[in-house]
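See structure below.
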Amino acid sequence: MVTSIERIAYPRFKRLISAHEVYLLFAPTQDEAAWAAECTDSDSHQLALLLALKSYQRLGRFPRAEEYSDSVVDFTRRAVELGEEAELPALAEKASKNHRSLVRRLPQARYAPDQARKVAETADRETGAVKNRPVDLINIALEKVVETGLEIPEFSTLDRTAARIRAEVNGSILDRPHERMGAFGRDRMTELLERRLPDHHREKPLFSRLRYVS
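Going by our numbering, the sequence shown opens with residue 18, and the numbers climb by one from there.
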């Protein structure tokens, strides 16, 4: 079962964002604008790269194109004096990968997916010992990844990791009584569950008789 992203503190844009917040989040510096212009061959790709850069700086991840509001796109376009014809394109996978790679090469970027997954897994195992809700595991894992300053994994990655670790931890917890019983105890429990005694023309397991007596 997939956990709803709405219940997770996953970094994303607010549905309603003020003009002041847009300015604080997306106003590029002159160096950033020059860098984006130098790295791209069209106004639309320059716009897309700038949005990817500013989002990465604020959210620690790369949003999908549909996550950007019209006001954010329009502000960024005007901030670097691009024409109205410069629209946020639906980038092909190759172009999208190239933009992510360009941003990740910058000094402030910390792209280490294996390390981020390891941090998330460790947090999930520690949390899974005391909490069982997937939303709790994901939120705490996310908090730990953010603390490291690493690029945040995709939500689906965090969700799958939490589900896997949760199943492993729960399985380990359930196995403990079985292991502590020893061979004799396990055999005795099996006998209680399987041995059947007559009860008003019906047979019931001996365990049922003991349950009612207790």
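Every residue, glycine too, gets a C-beta built ideally from N, C-alpha and C. The model shown is predicted, which means the values in this text are computed figures rather than measured ones.
Check	Outcome
Measuring only the C-alpha atoms, how far is F30 from A200?	56 Å
Could you have a look at K114 and say whether DSSP puts it in helix, strand or coil?	helix
For P45, which residues from the same chain have a beta carbon less than 8 Å from its beta carbon, with the 5 sequence-adjacent residues on both sides left out?	A53, L67, L70, K71, T93, A96 and V97
Following the continuous alpha helix (DSSP H) through I157, name the residue where it begins and the one where it ends.	P151 to T165
What span of residues does the alpha helix (DSSP H) with V136 cover, start to end?	P130 to G145
Whose C-beta lies closer than 8 Å to the C-beta of S35 among residues of the same chain, with five residues either side of it excluded?	none
What residue from G166, E38, D141 and V147 has the CA that sits closest to L155's CA?	The displayed chain sequence assigns Ile, not Leu, to residue 155. The shortest C-alpha separation from I155 is found at D141.
I'd like the list of long-range same chain contacts for A65, defined as Cβ closer than 7 Å, with 5 residues on each side in sequence excluded.	L105, P106, L108 and H116
Determine the DSSP secondary structure at V97, reduced to helix, strand or coil.	coil
Terminal residues of the continuous alpha helix (DSSP H) containing R78?	Counting along the chain, R78 falls outside any alpha helix (DSSP H), and DSSP gives it neither H nor E.
In angstroms, rounded to a whole number, what distance separates the CA positions of L175 and V136?	11 Å
Kindly give me the distance between the Cβ atoms of P170 and R121, rounded to whole angstroms, as I take these residues to be in contact under 8 Å.	Wrong, their Cβ atoms sit about 14 Å apart, outside the cutoff.
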